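Visitor:
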Amino acid sequence: MSIETRKPDNQLERFPVQDPGLEPHIERWTDADKSAGDRAYRQVLAMLGAVPVLAIAFVVIYFAVPRTAFVDIFGMQWDALTFLLGLTGGVATLLIGLACIHWAKTIMGDEEIAEDRHSAASSPEDREAFAAEFAKGAEQSGLGRRKLLGGALGGALGLIAVPAVVLFADLGPWPTAALRKETIERTIWAEGVKLVNDITQRPLRASDLEIGQLVNAQPETLWDHHGTHFQVEKAKASIIIVRMDPERIKIPESRVDWQVGGILCYSKICTHVGCPISLWEQQTHHLLCPCHQSTFDLSNSGVVVFGPAARSLPQLPITVDADGFLVARSDFTVPVGPSFFERDSNNDFVEGDR
Amino acid sequence: MAKPADVSTASPALATERPPKPGGMPSGVTGVATWADERIGLASLLKKNLRKVFPDHWSFLLGEIALYSFIILLLTGVFLTIWFKPSMAEIEYQGTYQLMRGLPMSEAFASTLALSFDIRGGLLVRQIHHWAAMLFVAAMTVHMLRIFFTGAFRKPREINWLIGVGLFSISLIEGFAGYSLPDDLLSGTGLRFVDGMIRSIPLIGTWAEFFIFNGEFPGDLVIPRLYMVHILLVPGLLLGLIAAHLALVVYHKHTQYPGPGRKDGNVVGYPLFPVYMAKAGGFFFVVFGVAILMGATMQINPVWNFGPYNPAQVTAGSQPDWYMGFVEGAIRIMPPWEWHLGGTTWSWNVFLPGVGLLTGLFIVLGAYPFIERWLTGDTAEHHVLDRPRNNPTRTALGVAGMTAYALFWIAGGNDILATQFRLSLNAVTEFMRVAVFVGPVIAFLITKRICISLQRADSERVLHGSETGIIERSPDGGYSEPHAPIHIEEKYTLTQHVQNTALQITPETDGHGVLEKGAGVSRLRALMSRWFHGGAIEKPTAAQIEAADHHADGHGADGHAVDGHDADGHELTDSEESSQASR
Numbered sequence: 001m002s003i004e005t006r007k008p009d010n011q012l013e014r015f016p017v018q019d020p021g022l023e024p025h026i027e028r029w030t031d032a033d034k035s036a037g038d039r040a041y042r043q044v045l046a047m048l049g050a051v052p053v054l055a056i057a058f059v060v061i062y063f064a065v066p067r068t069a070f071v072d073i074f075g076m077q078w079d080a081l082t083f084l085l086g087l088t089g090g091v092a093t094l095l096i097g098l099a100c101i102h103w104a105k106t107i108m109g110d111e112e113i114a115e116d117r118h119s120a121a122s123s124p125e126d127r128e129a130f131a132a133e134f135a136k137g138a139e140q141s142g143l144g145r146r147k148l149l150g151g152a153l154g155g156a157l158g159l160i161a162v163p164a165v166v167l168f169a170d171l172g173p174w175p176t177a178a179l180r181k182e183t184i185e186r187t188i189w190a191e192g193v194k195l196v197n198d199i200t201q202r203p204l205r206a207s208d209l210e211i212g213q214l215v216n217a218q219p220e221t222l223w224d225h226h227g228t229h230f231q232v233e234k235a236k237a238s239i240i241i242v243r244m245d246p247e248r249i250k251i252p253e254s255r256v257d258w259q260v261g262g263i264l265c266y267s268k269i270c271t272h273v274g275c276p277i278s279l280w281e282q283q284t285h286h287l288l289c290p291c292h293q294s295t296f297d298l299s300n301s302g303v304v305v306f307g308p309a310a311r312s313l314p315q316l317p318i319t320v321d322a323d324g325f326l327v328a329r330s331d332f333t334v335p336v337g338p339s340f341f342e343r344d345s346n347n348d349f350v351e352g353d354r
Numbered sequence: 355m356a357k358p359a360d361v362s363t364a365s366p367a368l369a370t371e372r373p374p375k376p377g378g379m380p381s382g383v384t385g386v387a388t389w390a391d392e393r394i395g396l397a398s399l400l401k402k403n404l405r406k407v408f409p410d411h412w413s414f415l416l417g418e419i420a421l422y423s424f425i426i427l428l429l430t431g432v433f434l435t436i437w438f439k440p441s442m443a444e445i446e447y448q449g450t451y452q453l454m455r456g457l458p459m460s461e462a463f464a465s466t467l468a469l470s471f472d473i474r475g476g477l478l479v480r481q482i483h484h485w486a487a488m489l490f491v492a493a494m495t496v497h498m499l500r501i502f503f504t505g506a507f508r509k510p511r512e513i514n515w516l517i518g519v520g521l522f523s524i525s526l527i528e529g530f531a532g533y534s535l536p537d538d539l540l541s542g543t544g545l546r547f548v549d550g551m552i553r554s555i556p557l558i559g560t561w562a563e564f565f566i567f568n569g570e571f572p573g574d575l576v577i578p579r580l581y582m583v584h585i586l587l588v589p590g591l592l593l594g595l596i597a598a599h600l601a602l603v604v605y606h607k608h609t610q611y612p613g614p615g616r617k618d619g620n621v622v623g624y625p626l627f628p629v630y631m632a633k634a635g636g637f638f639f640v641v642f643g644v645a646i647l648m649g650a651t652m653q654i655n656p657v658w659n660f661g662p663y664n665p666a667q668v669t670a671g672s673q674p675d676w677y678m679g680f681v682e683g684a685i686r687i688m689p690p691w692e693w694h695l696g697g698t699t700w701s702w703n704v705f706l707p708g709v710g711l712l713t714g715l716f717i718v719l720g721a722y723p724f725i726e727r728w729l730t731g732d733t734a735e736h737h738v739l740d741r742p743r744n745n746p747t748r749t750a751l752g753v754a755g756m757t758a759y760a761l762f763w764i765a766g767g768n769d770i771l772a773t774q775f776r777l778s779l780n781a782v783t784e785f786m787r788v789a790v791f792v793g794p795v796i797a798f799l800i801t802k803r804i805c806i807s808l809q810r811a812d813s814e815r816v817l818h819g820s821e822t823g824i825i826e827r828s829p830d831g832g833y834s835e836p837h838a839p840i841h842i843e844e845k846y847t848l849t850q851h852v853q854n855t856a857l858q859i860t861p862e863t864d865g866h867g868v869l870e871k872g873a874g875v876s877r878l879r880a881l882m883s884r885w886f887h888g889g890a891i892e893k894p895t896a897a898q899i900e901a902a903d904h905h906a907d908g909h910g911a912d913g914h915a916v917d918g919h920d921a922d923g924h925e926l927t928d929s930e931e932s933s934q935a936s937r
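Here the protein sequences line up with chains A and B, keeping their order. Quick note on our numbering: the first sequence kicks off at 1 and runs consecutively. Quick note on our numbering: the second sequence kicks off at 355 and runs consecutively.
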């Protein structure tokens with residue numbers, strides 16, 4: 001089948017200017033001038049000749065330059081080995097390429113040639129021959145006479161996929177309601193757990209915090225966990241403690257005893273996609289997530305004031321124990337981190353709740 | 355039991371007949387070639403393809419850069435796997451990097467530090483690998499734009515376009531998986547974002563999250579799993595798709611830009627052997643050399659500055675690798691939309707800009723060739739590329755898409771913009787929320803006007819030639835600029851394109867009052883088609899060109915080599931003249 005082009009009524013309409021055919025070949029300078037040709041030849045040889053030199057330099061550098069050596073270039077410290085190995089190896093590789101391209105452009109024949117193109121489709125004869133062969137095969141297969149064969153094979157192939165898919169059911173534990181309650185819906189915070197500084201692990205007293213201060217904290221019990229459990233619990237239990245002037249913040253009735261003299265405690269995990277938040281604007285009491293800029297008002301129970309997050313930041317109810325240390329009164333009252341499908345977050349704290 | 359076919363017991367041994375020595379080959383080559391040919395029939399395989407013609411153009415190198423970057427990624431990636439340990443097991447670091455001695459970290463992070471500080475050349479290869487990944491996605495993106503704007507996706511190349519879209523989409527997954535492996539603070543933050551994105555999928559989000567992470571984030575299996583995805587699953591898919599992509603390029607033969615002697619029925623260029631072997635092979639070394647030099651001189655992903663992953667920390671200014679920037683931007687500017695239905699939460703604020711935008715992009719890209727075909731009704735094969743101006747609506751759509759992508763991408767740095775230019779972060783975000791919708795519309799309108807202006811300029815050039823820059827004064831005091839006729843080759847190039855016209859509504863009944871079924875054109879399709887073809891300038895007809903040539907010849911006879919108007923006794927502006935010519 002020849003290439004089907006939409007043929008207008010006359011060829012003049014399709015091509016108002018007749019195709020003048022390929023441009024005449026213009027002789028290259030390197031072909032016309034012997035010395036220019038010789039120069040190109042020498043250039044290619046020089047480029048290829050430099051490659052072994054650089055390759056040897058690479059090997060010498062690999063063994064001779066100490067791993068810890070640095071060089072100062074442009075006022076920056078460069079790792080000498082990385083820089084020198086890359087320089088010799090990179091330039092050598094580049095020269096091979098440049099030499100080949102220079103060779104192709106200046107020395108190899110440069111006459112453009114045209115090749116005919118055939119339609120992607122097969123010829124009508126080929127199609128007929130194929131159809132005939134197909135019919136023969138189909139006839140031999142017996143599918144036409146014993147019609148259930150095809151359906152049975154299709155069904156068998158379809159259903160054999162089911163065991164293959166089922167094999168993946170153990171990819172991870174199933175987040176049933178019971179498991180969710182044990183995992184994403186709880187943290188290790190509980191009544192009486194001390195709030196400790198996340199670096200020094202020292203328990204915090206109310207007197208350790210001044211107005212305007214923010215402290216990153218963890219539950220004291222976090223270090224009872226190790227390895228994966230440690231990371232999983234840390235990913236949920238991280239908190240920030242802020243102290244604000246009680247006169248300048250809104251505390252709803254239901255949360256009056258969640259704080260200690262203007263010391264409030266919130267989950268550090270953003271309710272948007274779970275980044276740890278701690279960009280604290282002291283004067284506005286806003287907390288900004290550095291990942292996607294959701295902004296929460298900590299002076300107003302952590303409601304969202306800007307950005308893509310849809311839920312308030314969960315607040316951890318705290319109090320002071322007999323020794324004067326800040327402790328949790330319970331776990332978070334709502335799950336921390338991003339919302340998930342199975343739980344309606346509509347009843348979480350919103351602006352105006354009491 | 356099937357009866358065995360007759361086998362002649364007395365069959366003569368297959369004698370290899372040595373053909374006469376082919377002339378013109380060095381004896382060493384002949385020996386090897388003969389050996390191979392006797393075993394795999396090399397000569398008949400290569401006789402046609404050895405001198406296969408490839409057209410020359412810089413924009414055809416973009417796909418090559420992507421291909422070569424992929425090869426570099428395979429080579430450097432193998433090197434990295436020799437030392438990298440894809441394990442989230444916690445160990446205490448005791449390596450060379452003093453600042454982290456004694457810190458608890460995952461084996462993945464510790465082995466990345468070892469590769470960077472203890473293995474000679476390890477840091478170089480790590481950096482080449484990361485830069486090559488950047489190049490790979492970038493080259494692929496620009497290559498795709500070239501294909502789009504020149505209409506190279508049209509019949510018979512729609513399947514190859516779809517393969518390309520598939521390659522593009524899984525490359526993003528490949529890049530993201532690789533970025534997550536070192537288990538540093540930045541990549542861990544990216545992984546946590548993906549955890550949130552997966553969780554936002556309606557109905558199955560929590561299940562998908564638990565299945566992928568083996569429970570809660572971060573768990574201890576996600577890095578080994580991503581390692582498998584990164585070094586086995588996706589590279590295997592990429593390799594297969596790239597092979598199919600190239601096989602189809604060979605089968606269809608490369609497209610070519612319009613020009614004299616270039617037709618849909620031929621391909622003009624240089625032969626594979628030796629010119630393209632040298633040029634394309636050489637170009638591989640150029641790309642590799644540049645990647646090595648980038649790895650040697652430009653630091654990338656210095657994980658030792660970020661530290662091991664800590665789920666309680668994040669750095670301000672955290673951003674993904676560039677190719678995920680548009681998703682990041684969409685996530686940032688999305689308003690906080692959530693639905694609450696019957697005890698469930700639908701997190702549109704994360705799902706739409708994350709999963710929705712990515713899948714939407716791939717669906718639109720994949721569907722475009724078929725949408726355009728629906729609008730033009732064009733069933734012909736195309737091997738000569740479109741000049742972007744000759745399809746103004748497609749070009750404008752492409753630029754609108756690029757604008758949307760760029761705006762989303764810029765929004766991914768809204769915090770950086772705000773701090774660098776001392777703007778309000780909130781104002782930047784609010785602005786981007788509007789700009790991502792308005793910007794593409796403005797870009798569409800401007801691009802379409804520019805294309806139409808360029809078409810008009812082409813038409814002027816064909817009919818009136820090029821401006822000479824000489825101002826002539828006529829005896830009665832008028833001034834005019836004579837035009838020099840352009841060469842026939844340029845004239846052909848400017849007029850060879852197909853002039854598509856809008857589809858007309860097929861009447862519901864034909865001449866005999868019989869209802870037509872099937873191939874008709876509905877009112878909607880005709881309307882959309884009219885919009886698609888709207889505004890395009892009709893290319894000059896043969897009659898107009900002849901008239902214009904004649905007009906020029908008339909003056910050429912009196913000694914003027916150029917198309918002057920001075921002897922006419924009146925002055926014509928170009929537009930007056932073109933309207934005259936079209937009469």
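No residue lacks a Cβ here, since even glycine has one placed at the ideal position from N, Cα and C. Note that the structure is a prediction, hence the values are computed from the model and not measured.
Spell out whether any CB of chain A is found under 8 Å from the CB atom of histidine 924 (chain B).
Guide: Because histidine 924 (chain B) carries a pLDDT of 42, less than 50, the predicted location of this residue cannot be relied on, and no value is offered for it.
Visitor: Residues of chain A with CB closer than 8 Å to the CB of phenylalanine 547 (chain B), please, in chain order.
Guide: Within 8 Å Cβ-Cβ: Val273, Gly274, Cys275 and Cys291.
Visitor: One question on the structure: do leucine 592 (chain B) and phenylalanine 424 (chain B) come within less than 8 Å of each other, judged by their Cβ atoms?
Guide: Yes, the pair counts as a contact, with Cβ atoms nearer than the cut-off.
Visitor: Distance cutoff 8 Å, beta carbons only. Does tryptophan 355 (chain A) sit that close to anything in chain B?
Guide: Here chain A covers residues 1 to 354 and nothing more, so residue 355 (chain A) does not appear.
Visitor: Go through its chain and collect everything with a Cβ distance to tryptophan 693 (chain B)'s Cβ below 6 Å, but skip five positions before and after it.
Guide: Cβ within range, chain order: Trp700.
Visitor: Between methionine 678 (chain B) and chain A, is any beta-carbon pair separated by less than 8 Å?
Guide: Chain A contact via Cβ: absent.
Visitor: Can you check whether the C-beta of proline 16 (chain A) is within less than 8 Å of a C-beta belonging to chain B?
Guide: Yes, because at least one Cβ of chain B sits closer than 8 Å to the Cβ of proline 16 (chain A).
Visitor: Which word fits glycine 636 (chain B), buried or exposed, when buried means at least 16 other C-beta atoms lie within 10 angstroms of its C-beta?
Guide: So glycine 636 (chain B) counts as buried.
Visitor: Alpha carbon to alpha carbon, how far is alanine 634 (chain B) from valine 65 (chain A)? Give it in angstroms, no decimals.
Guide: If you take the alpha carbons of valine 65 (chain A) and alanine 634 (chain B), they lie about 35 Å apart.
Visitor: Might you give, ordered along the chain, the residues of its own chain that have their beta carbon closer than 8 Å to the beta carbon of glycine 888 (chain B), omitting 5 neighbours on each side?
Guide: Within the same chain, glycine 888 (chain B) has close Cβ partners Thr747 and Ala856.
Visitor: Using beta carbons (cut-off 8 Å, strictly below), is tyrosine 266 (chain A) in contact with chain B?
Guide: False, the Cβ-Cβ gap to chain B never drops below 8 Å.
Visitor: Spell out a yes or no on whether the stretch 468-488 of chain B and the stretch 644-662 of chain B are touching, meaning 3 or more CB-CB pairs, one atom from each, closer than 8 Å.
Guide: Yes: the two stretches touch, three or more of their Cβ pairs being nearer than 8 Å.
Visitor: Does any residue of chain B bring its CB to less than 8 Å from the CB of aspartate 116 (chain A)?
Guide: Judged by the 8 Å Cβ criterion, aspartate 116 (chain A) is in contact with chain B.
Visitor: Are there 16 or more other CB atoms within 10 angstroms of the CB of lysine 268 (chain A), so buried, or fewer, so exposed?
Guide: Its Cβ being crowded by 16 or more others within 10 Å, lysine 268 (chain A) is buried.
Visitor: Taking valine 604 (chain B) as the reference, give the member of A:Trp174, A:Gly352, A:Ala120 and A:Ile184 with the closest Cα.
Guide: With distances taken between Cα atoms, valine 604 (chain B) lies closest to A:Ala120.
Visitor: Put isoleucine 3 (chain A) into one of helix, strand or coil per three-state DSSP.
Guide: No answer about isoleucine 3 (chain A) holds up, because its pLDDT of 49 lies below 50 and its placement is not dependable.
Visitor: Examine chain A for any beta-carbon lying closer than 8 Å to the beta-carbon of glycine 569 (chain B), and answer yes or no.
Guide: At least one chain A Cβ lies under 8 Å of glycine 569 (chain B).
Visitor: Just how far apart, CA to CA, sit arginine 405 (chain B) and valine 681 (chain B)?
Guide: The alpha-carbon atoms of arginine 405 (chain B) and valine 681 (chain B) are separated by roughly 45 Å.
Visitor: For a contact defined as C-beta to C-beta under 9 Å, what are the partners of glutamate 892 (chain B) on chain A?
Guide: Per Cβ cutoff of 9 Å: no residues; glutamate 892 (chain B) is ~11 Å from chain A at best.
Visitor: Scan the stretch 152-218 of chain A and note each continuous alpha helix (DSSP H) run of 4 residues or more that stays entirely inside, going in chain order.
Guide: List check, alpha helix (DSSP H) in window: 177-182.
Visitor: Going by DSSP, which residues form a beta bridge with arginine 776 (chain B)?
Guide: Arginine 776 (chain B) pairs with nothing; no bridge assigned.
Visitor: For a cutoff of 8 Å on Cβ pairs, would you count tyrosine 846 (chain B) as touching chain A?
Guide: It does: the Cβ of tyrosine 846 (chain B) has a partner Cβ on chain A nearer than 8 Å.
Visitor: Check this for me: beta carbons of leucine 153 (chain A) and glycine 142 (chain A), under 8 Å apart or not?
Guide: The answer is no: Cβ separation not under 8 Å.
Visitor: Could you list which residues in chain B have their beta carbon closer than 7 Å to that of glutamine 231 (chain A), in chain order?
Guide: Under the 7 Å cutoff, chain B gives Pro572 and Pro665.
Visitor: What does the Cβ neighbour count give for methionine 454 (chain B), buried or exposed, with the cut at 16 atoms within 10 Å?
Guide: With 16 or more other Cβ atoms within 10 Å, it is buried.
Visitor: Hey, how far is the Cα of histidine 924 (chain B) from the Cα of valine 17 (chain A)?
Guide: With a pLDDT of 42 at histidine 924 (chain B), under the threshold of 50, the modelled position of that residue is not reliable, and no figure is offered here.
Visitor: If the criterion is Cβ atoms closer than 8 Å, does the pair isoleucine 241 (chain A) and leucine 209 (chain A) meet it?
Guide: Yes, the pair counts as a contact, with Cβ atoms nearer than the cut-off.
Visitor: Closest by CA to alanine 328 (chain A), which one among A:Lys234, A:Ala80 and A:Asp257?
Guide: The shortest Cα separation from alanine 328 (chain A) among A:Lys234, A:Ala80 and A:Asp257 belongs to A:Asp257.
Visitor: Is glycine 819 (chain B) closer than 8 Å to isoleucine 842 (chain B) when the C-beta atoms are compared?
Guide: No. Outside cutoff.
Visitor: Please state whether DSSP places methionine 454 (chain B) in a helix, a strand or coil.
Guide: Reduced to three states, the DSSP call for methionine 454 (chain B) is helix.
Visitor: May I ask you to report which of helix, strand or coil DSSP gives isoleucine 269 (chain A)?
Guide: Three-state result, isoleucine 269 (chain A): strand.
Visitor: Run through DSSP, which three-state label would asparagine 620 (chain B) get?
Guide: Looking at asparagine 620 (chain B) - three-state DSSP - the assignment turns out to be strand.
Visitor: Would you call leucine 313 (chain A) buried or exposed, if buried means 16 or more other Cβ atoms sit within 10 Å of its Cβ?
Guide: Counting Cβ neighbours within 10 Å, leucine 313 (chain A) comes out buried, since at least 16 surround it.
Visitor: Among the residues of its own chain, which have a CB less than 6 Å from the CB of isoleucine 517 (chain B), if the five just before and after it don't count?
Guide: Closer than 6 Å at the Cβ level, and outside the excluded window around isoleucine 517 (chain B), lie Leu595, Ala598 and His599.
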